[in-house]
Amino acid sequence: MEYDVHIIGGGLAGSEAAWQLARRGARVRLSEMRGGGDSTPAHQGAGLAELVCSNSFRSDDSDKNAVGLLHHEMRALDSLVMTAAAAAQVPAGSALAVDREVFSAEVEAALAALPTLTVVRERIDRLPSAGLTIVATGPLTAAALADSIGTATGASSLAFFDAIAPIVYRDSIDMDVCWMASRWDKGETKDYINCPMNLEQYRAFHQGLLDGDTTEFREWEASTPYFEGCMPIEVMAARGLDTLRFGPMKPVGLDNPHDATPEFPQGRWPHAVVQLRQDNKLGTLWNMVGFQTKLKHAEQVRLFRTIPGLENAEFARLGGLHRNTFLNSPQLLDRQLRLKSAPHIRFAGQITGCEGYVESSAVGLMAGMMAAAELVGRTWTAPPRTTALGALLAHITGDAEAESYQPMNINFGLFPPVDPTSRKSSATKPTPSGPRSTLRRGKGQLISIETASNSKIRRILTIF
Ligand SMILES: Cc1cc2nc3c(=O)[nH]c(=O)nc-3n(C[C@H](O)[C@H](O)[C@H](O)COP(=O)(O)OP(=O)(O)OC[C@H]3O[C@@H](n4cnc5c(N)ncnc54)[C@H](O)[C@@H]3O)c2cc1C
């Protein structure tokens with residue numbers, strides 16, 4: 005059969021994109037290499053939309069959790085992944101968890117029932133030179149295709165490891181302790197948030213890194229060498245007491261105005277400094293510079309909250325280091341997820357630098373709708389940034405800083421800040437449970453999310 009769109013990769017994003025296209029009547033070829041003699045190091049079987057690790061789509065709370073809101077919006081857009089998840093659901097409290105076999109079978113059955121969709125078990129080794137294409141080959145894209153993508157995008161724009169440093173919500177940083185400055189006051193603006201440490205604090209922190217519990221590399225990850233530039237901080241710490249002070253925690257050129265004396269009116273250099281760099285254009289998220297780590301998540305929260313100024317830090321993302329093929333999307337893709345240099349090719353799923361099952365599916369959903377619109381000569385209008393879909397898309401396609409781009413889950417820091425004067429602030433209300441700022445953030449964001457929720461959501465999001 006002739007086809008209108010070629011989708012490469014039958015994982016979460018590819019299956020969702022195929023559904024969105026074929027149920028609108030588009031003729032789709034879905035190429036999936038599993039079941040045709042190939043596999044990835046993480047997949048176990050040949051089923052479409054196989055969940056490679058956990059069986060959870062995380063929180064289903066659309067009021068206070070950004071991923072729950074994403075569920076809600078995807079359901080409103082008739083997401084196959086959400087429908088299959090409902091059919092395969094297993095009890096998991098407020099989380100949406102599934103039986104993975106049932107889930108994959110539901111996806112397969114729904115796609116098999118679409119007359120204009122053909123699933124072909126084949127590996128694709130090169131980006132097609134023409135024809136509408138969606139590449140959804142995921143974090144473990146087969147090597148030959150990854151090479152072809154690298155050639156098309158420039159090798160330095162395709163990463164094979166995500167060396168993730170933690171990201172902190174700006175409003176949880178104590179600026180009575182930290183200060184804004186660039187090293188040696190270079191440049192016209194004070195670009196970094198600096199957290200000062202004295203000798204005693206630094207020693208304790210260093211020891212904490214040495215003692216910290218880390219996660220192991222998977223067998224197949226261990227054989228992929230990581231670059232010196234991605235070295236976890238605990239590995240650097242193990243090289244010597246002062247290694248970090250000559251690396252990411254270098255204090256030179258950073259006068260701390262909170263430590264000013266008559267002799268040093270501009271302040272003095274601390275013993276060590278943790279720097280945070282703005283991570284999104286909104287300025288709501290700040291990245292801990294050079295703090296990629298394999299420490300366990302609970303350990304990271306405990307240890308990083310010992311850093312002066314970060315005692316009450318709320319983390320939008322914690323650090324990690326995984327094998328993961330992804331594009332520098334903010335640099336390479338246009339707002340419609342198309343490769344700027346070859347606009348017949350769209351990318352979807354985790355390869356765009358989103359992170360997680362739900363986010364990958366959501367980007368697949370949007371890519372499918374975009375391609376469907378394009379087929380009938382229209383341009384898909386992106387949902388507003390006050391929606392989870394809109395915030396995620398905007399982040400990937402240009403709002404994230406390209407220089408420090410690393411995969412990220414959906415979170416409320418990607419949404420525009422809420423105008424505190426538009427509604428009564430809930431910040432002073434007592435909180436029944438959970439960390440104060442989590443509740444405040446969730447409630448605060450509801451103010452903007454309300455504009456795109458419930459009855460209005462279908463109207464806002466359904467473009468054709
Ligand atoms: C080991 C591991 C564990 C993870 N655990 C979780 C988790 O617990 N929770 C979570 O939310 N996220 C997790 N993720 C992150 C991410 O959500 C998943 O990888 C998710 O499956 C990504 O969806 P996707 O559709 O982009 O890619 P995938 O689901 O991986 O789908 C890509 C598909 O493309 C196929 N393919 C690859 N190359 C080719 C080719 N050249 N030709 C044809 N087909 C090809 C693959 O076989 C695969 O079926 C994990 C990632 C990894 C690598």
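Number 67 in the working numbering belongs to position 63 of the sequence shown; there are no gaps in the numbering. Cβ atoms here follow ideal geometry from the backbone N, Cα and C, with glycine treated the same way.
Taking the beta strand (DSSP E) that residue i belongs to, which residues open and close that run?
| i | result |
| --- | --- |
| R207 | First-last for R207: L203 to D215, but that is the alpha helix (DSSP H), not the beta strand (DSSP E). |
| V380 | That residue, V380, is in no beta strand (DSSP E); it is neither H nor E in DSSP. |
| W188 | Unbroken run through W188: none, as it is neither H nor E. |
| V172 | I171 to Y173 |
| Q282 | A276 to Q282 |
| P119 | Neither: P119 is in no beta strand (DSSP E) and is coded neither H nor E. |
| W290 | L289 to M292 |
| L136 | L136 to V139 |
| P334 | Looking at the DSSP string, P334 is not in any beta strand (DSSP E); the run it does join, the alpha helix (DSSP H), is S333 to L336. |
| A346 | A346 to F351 |
| A320 | F319 to R321 |
Going by DSSP, which residues form a beta bridge with residue i?
| i | result |
| --- | --- |
| S218 | The displayed chain sequence assigns Thr, not Ser, to residue 218. DSSP, once it has assigned bridges, lists L299 as partnering T218. |
| E166 | Note that residue 166 is Asp in the sequence shown, not Glu. According to DSSP, D166 bridges with H326. |
| S63 | A99 |
| S35 | I12 and V124 |
| N2 | Nothing in the structure corresponds to residue 2, since the chain is present only between 5 and 468. |
Quick one: what's got a C-beta closer than 6 Å to residue i's C-beta in the same chain, skipping five residues either side?
| i | result |
| --- | --- |
| L55 | R104 |
| L215 | It is Asp, not Leu, that sits at residue 215 in the sequence shown. Counting only Cβ-Cβ distances below 6 Å, and skipping sequence neighbours, we find nothing. |
| G14 | L34, E36 and L52 |
| H399 | L418 |
| G438 | Note that G438 scores a pLDDT of 30, beneath 50, so its modelled location is shaky; the value from the coordinates is reported in the next line. None. |
| P261 | W183 and G271 |
Counting only the same chain and skipping the five closest in sequence on each side, list residues whose C-beta sits under 8 Å from that of residue i.
| i | result |
| --- | --- |
| T442 | Per-residue confidence for T442 stands at a pLDDT of 30, beneath the threshold of 50, marking its modelled position as unreliable; the derived number appears in the next sentence. If we look at T442 and ignore the five residues flanking it on each side, its Cβ neighbours are K68 and E318. |
| P434 | Summary for P434: the model assigns pLDDT 33, below 50, so the residue's position carries little reliability, and this model does not support an answer. |
| K428 | Because the pLDDT of K428 is 49, which lies under 50, any placement of that residue in the model is unreliable, and the question is left without a value. |
| D283 | I171, L289, W290, N291, A404, E405 and S408 |
| R28 | A376 |
| F330 | P143, L162, A163, D166, Q354, I355, T356, G357 and P411 |
| T265 | R272 |
Excluding five sequence neighbours on each side, which residues of the same chain lie with their C-beta closer than 7 Å to the C-beta of residue i?
| i | result |
| --- | --- |
| K300 | D217, T218 and T219 |
| G39 | A50 and R125 |
| A26 | V32, L118, T120 and L121 |
| S43 | none |
| S98 | S63, D64 and D65 |
| E112 | G51 and L52 |
State the start and end residues of the unbroken alpha helix (DSSP H) segment that holds residue i.
| i | result |
| --- | --- |
| I414 | Element bounds for I414: n/a, residue is neither H nor E. |
| M235 | Neither: M235 is in no alpha helix (DSSP H) and is coded neither H nor E. |
| L149 | A147 to T157 |
| A26 | L16 to A26 |
| L397 | A392 to A398 |
| T44 | Counting along the chain, T44 falls outside any alpha helix (DSSP H), and DSSP gives it neither H nor E. |
| A80 | A70 to A80 |
| L55 | Taken as a continuous stretch (DSSP letters only), L55 belongs to no alpha helix (DSSP H), as it is neither H nor E. |
| V85 | L84 to A91 |
Cβ contact (3+ pairs, closer than 8 Å) linking the segment 109-124 and the segment 348-367: Output reads no: the segment 348-367 does not touch the segment 109-124.
Touching by the beta-carbon criterion (3+ pairs, under 8 Å), the segment 168-177 and the segment 316-331: yes
At least three beta-carbon pairs within less than 8 Å, the segment 275-283 to the segment 187-203: Yes, the segment 275-283 touches the segment 187-203.
With a cut-off of 8 Å, do at least 3 Cβ pairs link the segment 337-352 to the segment 147-167? yes
Taking contact to mean 3 or more Cβ pairs, one atom from each stretch, closer than 8 Å, check whether the segment 239-247 and the segment 302-310 are in contact. no
Indicate whether the contact test is met: 3 or more Cβ pairs, each with one atom in the segment 249-259 and one in the segment 372-392, closer than 8 Å. no
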